[in-house]
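Just so you know, we're using our numbering here: the sequence shown kicks off at 17 and counts up by one. Note that beta-carbon positions come from the ideal geometry of N, C-alpha and C, so glycine has one too. Predicted, not measured: the structure shown is a model, and the values here were computed from it. Below is one structure; the comments refer to it alone.
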Amino acid sequence: MPAQGGRRGVRTEYQPPPDVQRQIDEIVASRSAQEAQPTLQPAAERDAEFVFVPRYNVEAGAGAGRVVERESEIGKLAFRRDWLAQKGVAVKNLAVIRVKGDSMAPTIRDGALVLVDTGQEKVTQDGIYVLMYEGELVAKRLQVDFAAGGVIIKSDNPAYDQQHVAKDAAENLYIIGRAIWAGGEV
Numbered sequence: 017m018p019a020q021g022g023r024r025g026v027r028t029e030y031q032p033p034p035d036v037q038r039q040i041d042e043i044v045a046s047r048s049a050q051e052a053q054p055t056l057q058p059a060a061e062r063d064a065e066f067v068f069v070p071r072y073n074v075e076a077g078a079g080a081g082r083v084v085e086r087e088s089e090i091g092k093l094a095f096r097r098d099w100l101a102q103k104g105v106a107v108k109n110l111a112v113i114r115v116k117g118d119s120m121a122p123t124i125r126d127g128a129l130v131l132v133d134t135g136q137e138k139v140t141q142d143g144i145y146v147l148m149y150e151g152e153l154v155a156k157r158l159q160v161d162f163a164a165g166g167v168i169i170k171s172d173n174p175a176y177d178q179q180h181v182a183k184d185a186a187e188n189l190y191i192i193g194r195a196i197w198a199g200g201e202v
């Protein structure tokens with residue numbers, strides 16, 4: 017049996033009473049409005065999730081060292097608060113700098129940004145450190161030499177030789193901090 021009522025050209029099998037149709041339209045409209053609203057995270061929650069670490073205009077050499085004339089903050093980089101907590105670092109001790117050169121490739125590429133924990137001023141474990149060596153700022157892998165005493169300064173790039181710093185001279189190494197993250201362009 018053909019439907020009656022409704023708009024021309026539209027076949028209507030059932031038309032609810034006007035008061036019921038109004039309620040249906042209100043429900044559909046409210047759901048559409050809710051779905052259309054972006055679910056933005058409040059700024060306070062977003063900021064609580066991230067730590068904004070100062071980035072400095074300082075470059076450490078990976079290869080030839082760099083002379084630091086002065087440092088100033090040029091921006092900030094965001095890191096997840098929970099990731100930093102897993103690393104066990106104090107936020108107040110963090111800084112981001114650039115590393116130039118290829119001696120630490122492939123671990124740290126030329127031009128990469130490096131997150132440095134400046135709270136680690138002593139070589140307590142093998143790792144990549146930013147340090148002043150012979151008056152220049154460098155990023156190098158440091159390895160404690162338990163057999164001979166002192167520290168071995170290594171590059172991850174096999175084209176570069178390692179250096180042994182005797183125990184008495186190792187005390188003159190000025191450790192800026194330990195590198196805990198590196199990132200850059202691909």
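Beta-carbon proximity check, residue i vs residue j, cutoff 8 Å
{"i": "Val167", "j": "Gln178", "result": "no"}
{"i": "Ile196", "j": "Glu137", "result": "no"}
{"i": "Ile113", "j": "Val146", "result": "yes"}
{"i": "Arg125", "j": "Leu93", "result": "no"}
{"i": "Ala128", "j": "Ala198", "result": "yes"}
Cβ neighbour criterion (16 or more within 10 Å) applied to residue i
{"i": "Met17", "result": "Per-residue confidence for Met17 stands at a pLDDT of 49, beneath the threshold of 50, marking its modelled position as unreliable; the derived number appears in the next sentence. Counting Cβ neighbours within 10 Å, Met17 comes out exposed, since fewer than 16 surround it."}
{"i": "Arg194", "result": "buried"}
{"i": "Ala78", "result": "buried"}
{"i": "Asp35", "result": "exposed"}
{"i": "Ala45", "result": "exposed"}
{"i": "Gly117", "result": "buried"}
{"i": "Ala106", "result": "exposed"}
Coarse secondary structure for residue i, derived from DSSP in three states
{"i": "Ala186", "result": "helix"}
{"i": "Gln159", "result": "strand"}
{"i": "Ile124", "result": "coil"}
{"i": "Val44", "result": "helix"}
{"i": "Val67", "result": "strand"}
{"i": "Met17", "result": "Here the model assigns Met17 a pLDDT of 49, short of 50, so the residue's position is not dependable, and the following value carries that caveat. In the structure shown, Met17 sits in coil (DSSP, three-state: anything other than H, G, I, E or B)."}
Per DSSP, the bridge partner or partners of residue i
{"i": "Tyr149", "result": "Glu152"}
{"i": "Tyr72", "result": "Glu89"}
{"i": "Arg97", "result": "DSSP, once it has assigned bridges, lists no residue as partnering Arg97."}
{"i": "Lys116", "result": "Gly77"}
{"i": "Val181", "result": "Val167"}
{"i": "Glu199", "result": "The sequence given here places Gly at residue 199; Glu does not occur at that position. Leu129, per the DSSP bridge assignment."}
Extent of the continuous beta strand (DSSP E) to which residue i belongs
{"i": "Asp133", "result": "129-133"}
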